[in-house]
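In what follows, a single structure is set out as structure tokens and then discussed.
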Amino acid sequence: MSLRRNDMNDKPLLCLGTGLDFDEVPAVEQIEIMKSVGFDQFFYCEERNQRASDDEAVAEKAAKIGIGFHSIHAPFYGMDDLWHDEDGELAKIMEQELRNSIDNCHNLDVPIVIMHAIIGMDNHTPTALGLERVGKIIDYAIKRGVTIGFENTEGECYLKALLDKYGELENVGFTYDSGHELCYNGGTDMLGKYGKYLISTHLDDNHGMTDPEHPNFLDDYHLLPFDGYADWEGIAKRLHKCGFDGSLTFEVDSKGRCGSHSNDMYLGMNIEQFVRAAYDHAVRFRDLFLATK
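The opening residue of the sequence shown carries number 1 in the working numbering; numbering runs sequentially from there.
Pasting the structure below:
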């Protein structure tokens with residue numbers, strides 16, 4: 001599957017991530033709902049110790065109903081171990097998780113795997129050991145024909161270290177998360193800094209940083225676009241400035257984290273209603289994106 005549209009006059013494809021805080025609904029059913037409301041593609045969020053058979057079932061359903069399989073989001077619970085686990089035992093576990101995600105992409109003809117550069121609000125020191133370990137993962141992805149999109153999260157310095165060292169490689173790129181830019185990166189223009197590497201998006205909204213000095217994962221609401229404080233016209237203009245012509249991909253949640261009330265505007269929605277709302281907001285942003293071209 002191409003990472004870009006073949007005809008620049010075509011509308012961007014719309015893509016939605018699985019999960020949505022409806023864990024009781026299997027992903028194979030979630031993508032049917034996405035297809036029914038109008039989404040062109042989906043990305044699949046993998047879990048710790050992901051079973052390849054689950055990815056295969058999703059891919060089989062996608063092919064049957066005619067929805068595109070855009071990307072796989074790799075597990076990220078141990079990304080800090082790649083950088084800071086000196087004895088290597090925990091790092092080996094995470095390395096295998098990432099190789100498994102790459103294998104799933106290769107075996108299912110999914111072109112992109114999304115990876116976080118780090119996890120943990122208190123991590124601020126990229127290491128040579130971490131760069132070496134991630135470099136081996138990148139080498140593995142090259143052999144398997146898979147492109148890695150490193151996402152902006154907390155700890156921007158880790159993303160910078162990776163893109164400074166590996167960003168010019170053909171199979172390495174940047175996945176722009178608009179919500180993380182607002183609540184983790186303090187509103188710093190991530191597209192201005194890393195846009196030349198841009199291959200995919202995770203579009204979502206929130207209310208910014210509760211404490212500008214201390215990023216907090218509870219601020220990462222993953223609201224639908226236009227339901228928070230993000231400047232969506234500005235985001236559209238910045239995407240154009242990067243020359244982005246890929247799918248518009250959305251990563252949104254229906255519930256607040258750890259029982260917070262951040263997403264209470266979606267209370268009472270079932271999954272069909274929430275996915276329909278996500279599609280309506282996605283179309284609204286696509287219209288804005290096309291209007292600002």
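Glycine included, every Cβ here is placed at the ideal spot set by N, Cα and C.
Notebook entry, point to check: Leaving out five residues before and five after histidine 124 in sequence, what residues of the same chain have Cβ atoms less than 7 Å from its Cβ?
Noted result: Gly155 and Cys157
Exercise. Starting from the C-beta of glycine 192, find all residues in its chain whose C-beta is less than 6 Å away, skip the five residues before and the five after it, and write them out in chain order.
Key: none
Handout entry: Distance between leucine 288 and proline 294 (C-alpha atoms, nearest Å)
Key = Because the chain is modelled from 1 through 293, residue 294 falls outside the range shown and cannot be assessed.
**Message:** Quick check: what's the CA-CA separation for lysine 35 versus histidine 207?
**Reply:** 30 Å
Check your understanding: Taking the runs of the alpha helix (DSSP H) that are 4 residues or longer, which of them lie wholly in the region 17-87?
Key -> 27-37, 52-65 and 79-84
Discussion item. Please report the distance separating the alpha-carbon of aspartate 205 from that of tyrosine 184.
Written reply: 12 Å
### Minimum length 4: unbroken alpha helix (DSSP H) runs contained in the region 128-156
128-144
Which residue from Lys61, Val37, Gly246 and Val28 puts its Cα closest to that of leucine 290? Gly246
field: Unbroken alpha helix (DSSP H) run spanning valine 275, endpoints
entry: 271-291
Practice item. Mind the definition here: the region 24-32 touches the region 78-94 only if three or more C-beta pairs lie below 8 Å; say whether that holds. Key: no
(request) Could you tell me whether any non-hydrogen atom of the ligand NAP is closer than 6 Å to the CB of cysteine 105? (result) In the structure shown, the ligand NAP is absent, as is every other ligand, since no ligand is present at all.
* Asked: Below 7 Å between beta carbons: does that hold for leucine 98 and isoleucine 65?
  -> no
Return the chain-ordered list of same chain residues with a C-beta closer than 7 Å to the C-beta of alanine 161, the five sequence neighbours on each side being excluded.
Pro126 and Leu131
TODO: For glycine 173, count neighbouring Cβ atoms within 10 angstroms of its own Cβ and tell me buried if that reaches 16, exposed if not.
DONE: buried
**Study point:** Residue burial classification, aspartate 40 (beta-carbon count within 10 angstroms, cutoff 16)
**Key:** buried
(request) Could you name the residues of the same chain whose beta carbon sits closer than 7 Å to that of cysteine 45, not counting the 5 residues immediately before and after it, in chain order? (result) Gly17, Thr18, Gly19 and His73
| message | Going by DSSP, what residue range makes up the beta strand (DSSP E) through methionine 115? | response | 112-116
message: Can you tell me whether cysteine 258 is buried or exposed? The criterion is at least 16 other CB atoms within 10 Å of its CB, across all chains shown.
response: exposed
Tell me whether the beta-carbon of tyrosine 140 lies closer than 7 Å to the beta-carbon of isoleucine 102. yes
Review point. Ordered along the chain, which non-local residues of its own chain (more than five positions away) have a Cβ less than 7 Å from that of arginine 133?
Key: Leu82, Ala91 and Glu95
Q) Can tyrosine 176 and threonine 147 be called in contact, C-beta distance under 7 Å? A) no
Checklist entry - Can you tell me whether DSSP reads leucine 203 as helix, strand or coil? => result strand
Exercise for the section: Express the C-alpha separation of isoleucine 235 and asparagine 107 in angstroms, rounding to a whole number. Expected result: 34 Å
Would you say histidine 180 reaches chain C, if we count a Cβ-Cβ gap shorter than 7 Å as a contact?
No chain C is part of this structure, which consists of one protein chain only.
- Message: So, at 8 Å on beta carbons, what are the nonlocal neighbours of lysine 293 in its own chain, with the 5 sequence-adjacent residues on each side left out?
- Response: His240
| message | Quick check: what's the CA-CA separation for glycine 307 versus asparagine 100? | response | Because the chain is modelled from 1 through 293, residue 307 falls outside the range shown and cannot be assessed.
Thinking C-alpha only, which one of Val283, Gln273 and Asp122 is nearest phenylalanine 250?
Val283
Cβ-Cβ distance between histidine 281 and aspartate 253 below 7 Å: no
- Supposed contact pair methionine 190 and asparagine 152 - C-beta distance, whole angstroms, cut 8 Å: 5 Å
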